[in-house]
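I have placed the structure first, in the form of structure tokens, so that the comments after it can refer back to it.
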Amino acid sequence: MNADQSIEESSKVAEIIEKAIYAVSKDNPPEKITYFFKTTFNNILRDCAHFLEFLILGVLAILYSDKFKITFFRRFCFTLIFCILVALIDEIIQIFSPGRAFELSDLILDGSGSTIGGMLILLLSKIGERR
């Protein structure tokens, strides 16, 4: 799947959601809803996808790193570095894809998702130790 197909697919999903809102909301004119979907909602949806994708990667990476007999802090740091490198490579690849661009905000969201994923595992492991 290339960048144009990816954009096409996500636009189709947004259109389906938009049509569902049309059916429910009789008070707002379609132009107002369309503008909202093409701007705010689409950006929020993409940001949430970036965050969630890297939260899951962070959780999986830190769980995998449990195989190595090092402190949790080092595991967390290695996991965070790994996830940020993956995000950086992803953003660099986008420079060479037509219709895509390097987005620093995506890199920050990806790093935040990875960090929260790692912290979530830390929290759950501490809760597990107390029992």
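Residues in the sequence shown are numbered consecutively from 1, following the working numbering. Every residue gets a Cβ at the ideal spot worked out from N, C-alpha and C, and that includes glycine.
Cβ distance (whole Å) where residue i is taken to contact residue j below 8 angstroms
i, j, result
"Ile84", "Ser114", "7 angstroms"
"Phe82", "Ile92", "Between Ile92 and Phe82 the Cβ distance is about 16 angstroms, and since that is not below 8 angstroms, they are no contact."
"Phe72", "Leu122", "7 angstroms"
Residue environment, residue i, which counts as buried when at least 16 other CB atoms sit within 10 Å
i, result
"Ile89", "exposed"
"Leu109", "buried"
"Asp106", "buried"
"Ser125", "exposed"
"Arg75", "buried"
"Asn2", "With a pLDDT of 48 at Asn2, under the threshold of 50, the predicted position of this residue should be treated as unreliable, though the coordinate-derived value follows. Exposed is the call here."
Euclidean distance between Cα positions of residue i and residue j
i, j, result
"Glu9", "Glu15", "10 angstroms"
Q. Using 8 angstroms as the threshold, is the region 114–124 in touch with the region 45–61, meaning 3 or more CB pairs across them?
A. At 8 angstroms Cβ cutoff, the stretches touch.
Q.
Could you tell me which whole beta strand (DSSP E) segments of length 3 or greater appear in the region 65–129?
A. None, since the region 65–129 contains no complete beta strand (DSSP E) of that length.
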